[in-house]
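One structure below.
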Amino acid sequence: MRASGVLMPVSSIPSDYGIGCFSKEAYDFVDQLAEAGQKYWQILPLGPTGYGDSPYQSCSTFAGNPYFIDLGELIRENLLTEEECSSCDWGDNPSYVDYEKIYNSRFLLLRKAYDRAETESNEEYQEFLKQQNHWIWDYALFMAIKDSQKGISWAEWPREFQDHDSGAVKKARQELNREMGFYCFQQYLFHRQWMKLKEYANQKGIGIIGDVPIYVAPDSADAWADPGLFQFDENYLPVAVAGCPPDAFSATGQLWGNPLYDWKKHKEEGYFWWTKRMLRCMELYDIVRIDHFRGFDEYYSIPYGDKTAEEGHWEKGPGLELFHVLNSRIDSLQVIAEDLGFLTESVLEMVRESGYPGMKVLQFAFDGSAGNPYLPYKYDKNCVVYTGTHDNETTKGWMEHLNPHDAWFIRAYTDCENRSLDECVWGLIRAAQSSTADLCVIPIQDYLCLGNEARMNEPSTLGDNWKWRLRKEQLSYPVLERMRALTGLYGRY
-16 MRASGVLMPV SSIPSDYGIG CFSKEAYDFV DQLAEAGQKY WQILPLGPTG
34 YGDSPYQSCS TFAGNPYFID LGELIRENLL TEEECSSCDW GDNPSYVDYE
84 KIYNSRFLLL RKAYDRAETE SNEEYQEFLK QQNHWIWDYA LFMAIKDSQK
134 GISWAEWPRE FQDHDSGAVK KARQELNREM GFYCFQQYLF HRQWMKLKEY
184 ANQKGIGIIG DVPIYVAPDS ADAWADPGLF QFDENYLPVA VAGCPPDAFS
234 ATGQLWGNPL YDWKKHKEEG YFWWTKRMLR CMELYDIVRI DHFRGFDEYY
284 SIPYGDKTAE EGHWEKGPGL ELFHVLNSRI DSLQVIAEDL GFLTESVLEM
334 VRESGYPGMK VLQFAFDGSA GNPYLPYKYD KNCVVYTGTH DNETTKGWME
384 HLNPHDAWFI RAYTDCENRS LDECVWGLIR AAQSSTADLC VIPIQDYLCL
434 GNEARMNEPS TLGDNWKWRL RKEQLSYPVL ERMRALTGLY GRY
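Spelled out as structure tokens, the structure:
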């Protein structure tokens, strides 16, 4: 069935407390999506963020980001006061997240709420702990020990704490019980509020597309609790790490630094960890976009300690065997395969055989090559088309920097030769909506014709990413009407 959706991170939702969250404004955004004839809301990963504030480097693949907890709901439950929340410094620019100020304020408030909550007598809370037993205690213990070690990476912890099964860790489990409870409480609030918002979206006919990073962060509860599932040496240091080889965009490649999986060990255990992971994802989302899908066919292995990705090499991944197992265990598994980048024939065959829709990005289409697979007339139906992704420039920002030939090609293709740059952006949105792709997802920045001041992420950089926010009233009625008209014109609702 043809459908249309919008890409916008939860962090970008307007709110009174410095960052988007599961507040009234999130419900208002769902209402706006429904009003605009949209069927999907695509978000970025919901996990807790760490160094660099990237949602793709989370300290847990199962946990949720406490930044997204609606403080207003805690006020209504008498766990916080309006004065306590309003007295915090959340930053002074409603268009950008000030992560340092969020970090310094939010956890102090959540701790106050925890101290006032009666968790022991809360049956819903106790039931949540039972349901999430397979991950939440390891996560809570990891975070509690991390706090006791002043926040340093677990690779730098004393040896007795690095070993998840040591006597020192078992003792810490007893001594840090109260701190563990604080982290469990955060996850309870996150889960309860997110599931309520997701249910509201579903009732409005809006499905949630989640985002699943293929790898876990090196400094994560996942790596600490199950080191045998990763390519670590006897000192819990990676043998090799993840990244991408040198290409036209980066002469030295991309060094991500994530630990690589020991796929032999995963297979021996019947892909049990991946089953748990994807069951959790299908609890939180309706569809999952799996990032770097090609890594299941072959993954790029870079020697640990290298400063660039130049000396890496390709190794064989689990292929479709993993997904055959997952599909046999998870009836509701729906996947979008992020199949961008350099694709070998074996990767293309894996995507075809999986039956999962791949991705088409219009910003990759107009290089002057008639054989470019991202040109809309090249698509089959089983794919998802985007003008751009969270890693791209906004479409307007991208068009402002094109060479004359590519700019001409786009204007000619979209019949916008004598029109404004904003109308050219809408021309590309029209090209995506009118394509044969079953699903069309447009970043909200493109519907608003925003420039690169609204860019979400510039890969391989630190400091200015993941910050952009939608301002209140910025998504106006005329924009929603135009979205609805275009979506309806091309049979997407």
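Numbered continuously in my numbering, the sequence shown closes out at residue 476. Think of the CB as a built atom: it goes at the ideal place given N, C-alpha and C, for glycine as much as any other residue. Please read these numbers as outputs of a predicted model, since none were measured by experiment.
- [ ] Measure the CB-CB distance between A320 and Y362 and report whether it falls below 8 Å.
- [x] No, the Cβ-Cβ distance between A320 and Y362 is not below 8 Å.
Task: DSSP-derived helix/strand/coil call for E383 - done: Correct three-state label for E383: coil.
Task: Start-to-end residues for the alpha helix (DSSP H) that takes in H117 - done: Going by DSSP, H117 is part of the alpha helix (DSSP H) stretching over 116 to 131.
- [ ] Please confirm if the segment 93 to 107 is in contact with the segment 50 to 67, defined as three or more CB-CB distances below 8 Å between the two stretches.
- [x] At 8 Å Cβ cutoff, the stretches touch.
- [ ] Excluding the 5 residues preceding and the 5 following M163 in the sequence, name in chain order all residues of the same chain whose CB lies nearer than 6 Å to its CB.
- [x] For M163, where only same-chain residues beyond five positions count, the Cβ hits under 6 Å are A123, L124, A127.
TODO: Would you identify the three-state DSSP class for I285, choosing helix, strand or coil?
DONE: Looking at I285 - three-state DSSP - the assignment turns out to be strand.
TODO: Flag this pair as yes or no: are the beta carbons of H174 and F111 separated by less than 8 Å?
DONE: Yes, these two residues count as a Cβ contact at 8 Å.
Task: Where E298 falls: helix, strand or coil (DSSP) - done: E298 falls in the strand class under three-state DSSP.
TODO: Indicate whether A437 and T377 have their beta-carbon atoms separated by less than 8 Å.
DONE: In this structure, A437 places its C-beta atom within 8 Å of the C-beta atom of T377.
TODO: Counting only the same chain and skipping the five closest in sequence on each side, list residues whose C-beta sits under 8 Å from that of P(-8).
DONE: Taking C-beta separations shorter than 8 Å and ignoring five residues to either side along the sequence, the partners of P(-8) in its chain run G3, I26, L27, P38, H373, M439, W449, following chain order.
Open item on the list: Let's see if you can read the secondary structure: which residues bound the alpha helix (DSSP H) around L326?
Closed with: Element bounds for L326: n/a, residue is neither H nor E.
Open item on the list: Suppose you measure from the CA of L262 to the CA of G380; what does that come to, to the nearest Å?
Closed with: Rounded to the nearest angstrom, the two C-alpha atoms are 38 Å apart.
Task: Separation of C432 from R402, as counted between CA atoms - done: Cα-Cα distance, rounded: 14 Å.
Open item on the list: So, under 8 Å CB-CB, A200 and S41 are touching, yes? Tell me the CB distance rounded to an integer number of Å.
Closed with: Going by Cβ atoms, the distance from A200 to S41 rounds to 6 Å, so yes, they are a contact pair.
Open item on the list: What does DSSP give as the partner residue(s) for T32 in the beta ladder?
Closed with: According to DSSP, T32 bridges with S41.
Open item on the list: For the segment 230 to 242 against the segment 305 to 318, do three or more pairs of beta-carbon atoms, one drawn from each stretch, fall closer than 8 Å, so that the two count as touching?
Closed with: Contact annotation: the segment 230 to 242 does not touch the segment 305 to 318, with fewer than three C-beta pairs closer than 8 Å.
- [ ] Could you check what DSSP says for W73 in three-state terms: helix, strand or coil?
- [x] Coil.
Task: Expected contact under 8 Å - CB spacing of I189 and V344 to nearest Å - done: Not a contact, Cβ separation roughly 23 Å.
TODO: Give the C-beta separation of V195 and R272 to the nearest angstrom, bearing in mind that I take them to be a contact with Cβ-Cβ under 8 Å.
DONE: Yes, V195 and R272 are in contact; Cβ-Cβ is about 7 Å, under 8 Å.
- [ ] Below 7 Å CB to CB, which residues in the same chain sit around Y79 once its five sequence neighbours on both sides are set aside?
- [x] So the qualifying residues of the chain are K450, W451, R452.
Task: Nearest candidate by alpha-carbon position, reference Y97, set C167, C264, G30 - done: Measuring C-alpha to C-alpha distances from Y97 to each of C167, C264, G30 identifies C167 as the nearest.
Open item on the list: Here's the rule: buried if 16 or more other CB atoms are within 10 angstroms of the residue's CB, otherwise exposed. What is H249?
Closed with: With 16 or more neighbouring CB atoms inside 10 Å of its own CB, H249 falls in the buried class.
Task: Terminal residues of the beta strand (DSSP E) in which W239 lies - done: Run containing W239: 237 to 242, per the beta strand (DSSP E) assignment.
Task: Within 8 Å, strictly: CB atoms of Y10 and L267 - done: L267 is positioned such that its CB atom lies no closer than 8 Å to that of Y10.
Task: C-beta atoms of C71 and S88 nearer than 8 Å - done: Yes, the Cβ-Cβ distance between C71 and S88 is below 8 Å.
- [ ] Please report how far the alpha carbon of P356 lies from the alpha carbon of K154, in whole angstroms.
- [x] Approximately 57 Å between the Cα atoms of the pair.
Open item on the list: Beta-carbon within less than 7 Å of L478's beta-carbon, same chain only, minus the 5 sequence neighbours each way: which residues are those?
Closed with: Nothing can be reported for residue 478, as the shown portion of the chain is limited to -16 through 476.
TODO: Could you tell me which uninterrupted beta strand (DSSP E) segments, each at least 3 residues in length, are contained entirely in the segment 340 to 410, listed from first to last along the chain?
DONE: If only uninterrupted beta strand (DSSP E) runs of at least 3 residues are considered, those enclosed by the segment 340 to 410 are 341 to 344, 366 to 369.
Task: Same chain, Cβ closer than 7 Å to R(-15), neighbours up to 5 away in sequence not counted - done: Excluding sequence neighbours, R(-15) sits near D421, G474, R475.
Open item on the list: Are the CB atoms of L238 and A184 within a distance shorter than 8 Å?
Closed with: Taking 8 Å as the Cβ cut-off, A184 and L238 do not qualify as a contacting pair.
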